[in-house]
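In the numbering used here, the protein residues as written are 3 to 233.
All C-beta atoms in this analysis are idealised placements derived from N, C-alpha and C, irrespective of residue type, glycine included.
Nothing here was measured: the structure is a model prediction, and the numbers come from that model.
For reference, the structure is listed below as structure tokens.
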């Protein structure tokens, strides 16, 4: 029997060949699809900024906010989808465990939040857990906080900022504010949607996955698709 696998940015195609013929199995993967979408949204933000510099447009704010939001949400979704795909392939990702054991472990794994899922996977592979002082970990943690702040947004008065200021103080160390930001404005919630932010979001997701794969001793899932992930 022979078996091979063809991967694209959206699909995995498995083909098993034996004396009875070939069996095809197809599944969709969203980690690369989400990351490709995030990169595409980021490029739109960059193009919009360049257009705004050359000739101001009335709808710049709406387009920048929409594309930046989509980029951040897709970047985090890509990393979570990647974690879930690891366990979908648990027989090959975590060799040495009985199928029944891995199926039971999945029940626990599935309930975990994003970053602990990667620690869980590393432990199962007999590797050290994620280094929380590593740049890729800190950036990914901050990106998740930005995603959460957008998805679960809670308004605050500008003269009494609390959570917004805390997030802004961290973001300003990573990204440049929007073209429309005033000098006195906090970066979140009114000035975060810039190409600097979206490029950082995509590159953070890529760097985090790359570092995880290196630590876990896994082959790169992104390497052959990097040309599609330019942000």
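Beta carbon proximity, residue i to chain B, threshold 8 angstroms
| i | result |
| --- | --- |
| residue 60 | Among the chains of the structure shown, chain B does not appear; only one protein chain is present. |
Best match in the options for proximity to residue i [C-alpha to C-alpha]
| i | options | result |
| --- | --- | --- |
| residue 115 | 78, 127, 197 | 78 |
| residue 74 | 184, 129, 198 | 198 |
| residue 183 | 107, 51, 217 | 51 |
| residue 71 | 138, 196, 122 | 196 |
| residue 120 | 153, 167, 25, 217 | 217 |
| residue 206 | 103, 162, 140 | 140 |
Cβ pair residue i, residue j closer than 8 angstroms
| i | j | result |
| --- | --- | --- |
| residue 212 | residue 224 | yes |
| residue 54 | residue 181 | yes |
| residue 156 | residue 165 | yes |
| residue 47 | residue 66 | yes |
| residue 132 | residue 148 | no |
| residue 188 | residue 170 | yes |
| residue 202 | residue 176 | yes |
| residue 200 | residue 43 | yes |
| residue 208 | residue 230 | no |
| residue 227 | residue 34 | yes |
| residue 45 | residue 233 | yes |
Through-space distance from residue j to residue i, alpha-carbon basis
| i | j | result |
| --- | --- | --- |
| residue 125 | residue 37 | 26 angstroms |
| residue 219 | residue 111 | 20 angstroms |
| residue 134 | residue 88 | 21 angstroms |
| residue 160 | residue 127 | 47 angstroms |
| residue 215 | residue 84 | 11 angstroms |
| residue 151 | residue 158 | 12 angstroms |
| residue 49 | residue 69 | 11 angstroms |
| residue 95 | residue 191 | 40 angstroms |
| residue 60 | residue 40 | 24 angstroms |
| residue 91 | residue 106 | 14 angstroms |
| residue 117 | residue 137 | 14 angstroms |
| residue 76 | residue 100 | 34 angstroms |
| residue 3 | residue 221 | In this prediction, residue 3 has a pLDDT of 48, which is less than 50 and means its spatial position is unreliable; nothing more can be read from the coordinates. |
| residue 30 | residue 186 | 46 angstroms |
| residue 123 | residue 57 | 49 angstroms |
Secondary structure, alpha helix (DSSP H): runs of 4+ residues fully inside the segment 71 to 149: Every unbroken stretch of the alpha helix (DSSP H) spanning 4 or more residues and falling wholly within the segment 71 to 149 is given here in chain order: 92 to 95, 101 to 111, 116 to 126.
Segments assigned beta strand (DSSP E), at least 3 residues, entirely inside the segment 165 to 208: Complete beta strand (DSSP E) runs here, min 3: none at all.
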